[in-house]
Amino acid sequence: MGRQGRHVRPEIAGQRTVPQVTRPVAQIETPLSHAQPSLRDLLGYLSFLGELSILSFRASFPPANGGLVTSSFLFAGEARQRGKSERTRAQLMDAATGLFARQGFEATSVSDIARLAEVANGTFYTHFAGKDAIAAAVAYGIAQRIIRQLDEAMAGVDDAVDRVSFGARQFIELASRNPDWGGALFHAVWAFPELRTTLYDYPRADLERGVRQGVFTVEINDAVLTVFAGMVMSGLFTRLKDSGATDIGPATAEMQLRMLGVAADRAKEAAWRPLPPLQIRIGD
1067 MGRQGRHVRP
1077 EIAGQRTVPQ
1087 VTRPVAQIET
1097 PLSHAQPSLR
1107 DLLGYLSFLG
1117 ELSILSFRAS
1127 FPPANGGLVT
1137 SSFLFAGEAR
1147 QRGKSERTRA
1157 QLMDAATGLF
1167 ARQGFEATSV
1177 SDIARLAEVA
1187 NGTFYTHFAG
1197 KDAIAAAVAY
1207 GIAQRIIRQL
1217 DEAMAGVDDA
1227 VDRVSFGARQ
1237 FIELASRNPD
1247 WGGALFHAVW
1257 AFPELRTTLY
1267 DYPRADLERG
1277 VRQGVFTVEI
1287 NDAVLTVFAG
1297 MVMSGLFTRL
1307 KDSGATDIGP
1317 ATAEMQLRML
1327 GVAADRAKEA
1337 AWRPLPPLQI
1347 RIGD
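Each residue of the sequence shown is one higher than the one before, starting from 1067 at the first, in the numbering used here.
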């Protein structure tokens, strides 16, 4: 995950047609809505995810405080005991997090970030080469924290079915519990191919574990990983748009397990089992 220093260019979807979606993502019929999908089904779902990715560039999450975007002080909370330079950098990252989440990457300017962080534009460029650089730093910072805590929470879990269910559900819950974090991460995953590749490769070890254990019956390749991770991002999208959609995590995990070849009864039991609450820790 340590690739924050690299300059990554976001993909621009400004001239592309946004698909008209009139139903919640969780209710859209997809090629994976039925049991035991084939490779053709998987490729069809990839096409669906492509449409969703276009939509995501234009998606914005309802801002709190009557439309006023505020800084959440998450990165600043970790930097409060550090030097002035690190505190200023964290303050800029918090401002960018809120802006990216609420109005999207393309609609946010360096001046917007500096204004919300209450620093001059020149101070911004002391810490970041540009908007792409701070977006990458924010996204990697959020992803690192979530993934680290998932790894710690699953340290004693060997069963691949349980690991996949736990990881998918907790990722959606952790990322959506703070809409600024979840929204910024969601936008960045689609904007930065490098981040997308890193996150999509994260579950590879658990999926390969499941094949070795004999519980997953599909070949684990890049296409399967893309579909698998895309399901999580679809679940996160739905959860961010509707805070009451608490069933989307278990539903996503159940669909993933069925896609991987797990029997219906076991997939349902693992996906809907009560989970212990996790919180993104600040300051460690």
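Positions of the beta carbon are idealized from the N, C-alpha and C atoms, including for glycine. All values derive from a computational prediction rather than experimental measurement.
So residue i is in the alpha helix (DSSP H); what residue range does that whole segment cover?
i, result
"M1297", "1288-1307"
"W1247", "1245-1257"
"V1204", "1197-1219"
"L1140", "1140-1145"
"D1331", "1330-1337"
"R1280", "Reading off the sequence shown, one finds Gly at residue 1280, where the question assumed Arg. Neither: G1280 is in no alpha helix (DSSP H) and is coded neither H nor E."
"G1164", "1150-1169"
Taking Cβ positions, are residue i and residue j nearer each other than 8 angstroms?
i, j, result
"G1165", "G1248", "This sequence places Leu at residue 1165; Gly is not what is there. No."
"L1291", "D1267", "yes"
"A1254", "A1201", "yes"
"T1163", "V1185", "no"
"D1272", "G1233", "yes"
"A1180", "T1192", "no"
"A1226", "V1284", "no"
"V1230", "G1276", "yes"
"D1246", "A1161", "no"
"A1250", "A1205", "yes"
Return helix, strand or coil for residue i, following the three-state DSSP convention.
i, result
"P1269", "coil"
"E1184", "coil"
"E1239", "helix"
"A1311", "coil"
"A1319", "helix"
"T1136", "Here T1136 scores only 46 on pLDDT, less than 50, and its place in the model should not be relied on; the value that follows carries that caveat. Of the three classes helix, strand and coil, the one that applies to T1136 here is coil, per DSSP."
"L1261", "helix"
"A1226", "helix"
How long is the line joining the alpha carbons of residue i and residue j, rounded to whole angstroms?
i, j, result
"G1196", "D1178", "12 angstroms"
"G1349", "G1207", "In this prediction, G1349 has a pLDDT of 46, which is less than 50 and means its spatial position is unreliable; what the coordinates show is noted afterwards. For G1349 and G1207, the distance between alpha carbons rounds to 13 angstroms."
"I1286", "F1303", "25 angstroms"
"A1330", "R1146", "49 angstroms"
"R1332", "P1316", "13 angstroms"
Given 7 angstroms as the limit, tell me if residue i has its C-beta closer than that to any heavy atom belonging to the ligand MG.
i, result
"Q1169", "Among the components modelled here there is no ligand, and therefore nothing to report on the ligand MG."
Could you confirm whether any beta carbon from chain B is found closer than 8 angstroms to the beta carbon of residue i?
i, result
"W1247", "The chain inventory of the structure shown lacks chain B, comprising one protein chain alone."
Counting pairs of Cβ atoms below 8 angstroms between the stretch 1263-1282 and the stretch 1336-1343, do you hit three or more? no
Counting Cβ pairs, one atom from each stretch, are 3 or more of them under 8 angstroms apart for the stretch 1321-1341 and the stretch 1209-1219? no
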